[in-house]
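Have a look at the structure below before the remarks.
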Amino acid sequence: GNKSAQKLNQININTAYDFYKADIGIIETLLGVNGKRIYRELYGHSCLAIEEIPPARKQIVSSRSFGLDLSDFDEINQALTSLTRRAVEKLNKQSLAATSMSVFIYTNPFKKDVPCINLSKTIGMGSPISDASLLIPLCAKLLKQIYEPGYKFYKGGIMLGNLTPDKSQQDLFIVSQKSTQLQDHPYGNLLKYASELGNDRWQSRVEFQSNRFTTCWGELLIV
1 GNKSAQKLNQ ININTAYDFY KADIGIIETL LGVNGKRIYR ELYGHSCLAI EEIPPARKQI
61 VSSRSFGLDL SDFDEINQAL TSLTRRAVEK LNKQSLAATS MSVFIYTNPF KKDVPCINLS
121 KTIGMGSPIS DASLLIPLCA KLLKQIYEPG YKFYKGGIML GNLTPDKSQQ DLFIVSQKST
181 QLQDHPYGNL LKYASELGND RWQSRVEFQS NRFTTCWGEL LIV
């Protein structure tokens, strides 16, 4: 800055070379720690830690508690279909593909009068997949393998694991490309898979939601 330059000019430090040849103690006195760091950098000493590249994400989990305890297969499948689609959206935003998929459903552990069961199933894929039209049927297949009638499930979800860069997917490129174009369309959120259609009983009950004071005019706080 101009003030630092004025301080240096007063002791005949007018160029970068003058700065380089000056005494480090004088530089620190005039410019403080930041000036000392610049001086040491000129001599090849790194004074700033190298920012580490964050490790690649290994899994994406999409889960939630249901609005009501569910026992019907189609209702549970509807919930898991929506959760799978959301997980795939995260997958595509990060340009990743999954090589394994897990599905899980739980009964309510806080209800002491009924047995608590946790059901899950994992499958590995032969090649990385990032297409919802392939992962959603796979989710339904896994759910059929673990679903047990007679129990009321209060939570479920899916996990996409062993993630790799999406460029490794080749054979399904054309299908994935068309699917992604639909998802990226301005009205993409209006497109739903058949298994997502239903009564939406699995979604959180509205009466337990807080008012949206900052996002909805009709719910502004009245004082």
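In the working numbering, the protein residues as written are 1 to 223. All C-beta atoms, glycine included, are put in the ideal place defined by N, C-alpha and C. All values reported here derive from a predicted model rather than from experimental measurement.
I need the boundaries of the alpha helix (DSSP H) containing residue i, first residue and last residue.
{"i": "Thr-84", "result": "73-93"}
{"i": "Gln-145", "result": "132-146"}
{"i": "Gln-6", "result": "2-9"}
{"i": "Ala-98", "result": "Ala-98 -> not in any alpha helix (DSSP H); beta strand (DSSP E) instead, spanning 96-107."}
{"i": "Ala-16", "result": "16-21"}
Tell me which same chain residues have a C-beta within less than 7 Å of the C-beta of residue i, skipping the five on either side of it?
{"i": "Tyr-151", "result": "Ser-71, Thr-107 and Ile-117"}
{"i": "Ile-24", "result": "Lys-36 and Tyr-39"}
When you compare the CB positions of residue i and residue j, do they come within less than 8 Å of one another, or not?
{"i": "Leu-160", "j": "Leu-91", "result": "yes"}
{"i": "Gly-35", "j": "Glu-28", "result": "yes"}
{"i": "Ser-120", "j": "Phe-110", "result": "no"}
{"i": "Ser-65", "j": "Ala-97", "result": "no"}
{"i": "Ile-76", "j": "Phe-153", "result": "yes"}
{"i": "Arg-85", "j": "Ile-136", "result": "yes"}
{"i": "Leu-163", "j": "Lys-58", "result": "yes"}
{"i": "Met-101", "j": "Ile-158", "result": "yes"}
{"i": "Ala-132", "j": "Val-88", "result": "yes"}
What is the rounded straight-line gap between the Cα of residue i and the Cα of residue j?
{"i": "Ala-5", "j": "Ser-46", "result": "23 Å"}
{"i": "Lys-14", "j": "Tyr-20", "result": "Correcting the residue identity first, residue 14 is Asn in this sequence and not Lys. If you take the alpha carbons of Asn-14 and Tyr-20, they lie about 11 Å apart."}
{"i": "Gly-230", "j": "Asp-166", "result": "Residue 230 cannot be examined here, being either before or after the span of the chain that is shown, 1 to 223."}
{"i": "Ile-26", "j": "Asn-2", "result": "18 Å"}
{"i": "Pro-115", "j": "Thr-122", "result": "23 Å"}
{"i": "Gly-126", "j": "Gly-44", "result": "49 Å"}
{"i": "Ala-16", "j": "Val-33", "result": "18 Å"}
{"i": "Lys-93", "j": "Pro-128", "result": "16 Å"}
For the beta strand (DSSP E) holding residue i, just list the boundary residues, first then last.
{"i": "Asn-118", "result": "118-129"}
{"i": "Lys-111", "result": "That residue, Lys-111, is in no beta strand (DSSP E); it is neither H nor E in DSSP."}
{"i": "Lys-155", "result": "153-161"}
{"i": "Tyr-43", "result": "Element bounds for Tyr-43: n/a, residue is neither H nor E."}
{"i": "Asp-69", "result": "59-70"}
Return no unless some Cβ of chain C is closer than 8 Å to the Cβ of residue i.
{"i": "Met-125", "result": "Reference to chain C is not applicable here, since this structure consists of a single protein chain."}
Kindly list the residues whose CB is nearer than 8 Å to the CB of residue i, restricted to its own chain and excluding five residues on each side of it in sequence; keep chain order.
{"i": "Asn-12", "result": "Asp-18"}
{"i": "Gly-124", "result": "Thr-99, Ser-100 and Asn-162"}
{"i": "Leu-30", "result": "Ser-4, Lys-7, Leu-8 and Ile-11"}
{"i": "Glu-148", "result": "Ile-117 and Leu-119"}
{"i": "Lys-144", "result": "Phe-73"}
{"i": "Ala-194", "result": "Confidence at Ala-194 is low in this model, with a pLDDT of 49, below 50, so the placement of that residue is unreliable and no value is reported for it."}
{"i": "Asp-113", "result": "none"}
For residue i, I'd like the list of residues in its chain whose CB is within less than 6 Å of its CB, leaving aside the five on either flank, ordered along the chain.
{"i": "Ser-95", "result": "Asp-166"}
{"i": "Ser-63", "result": "Gly-157"}
At least 3 beta-carbon pairs within less than 8 Å: the region 79-88 vs the region 127-144:
yes
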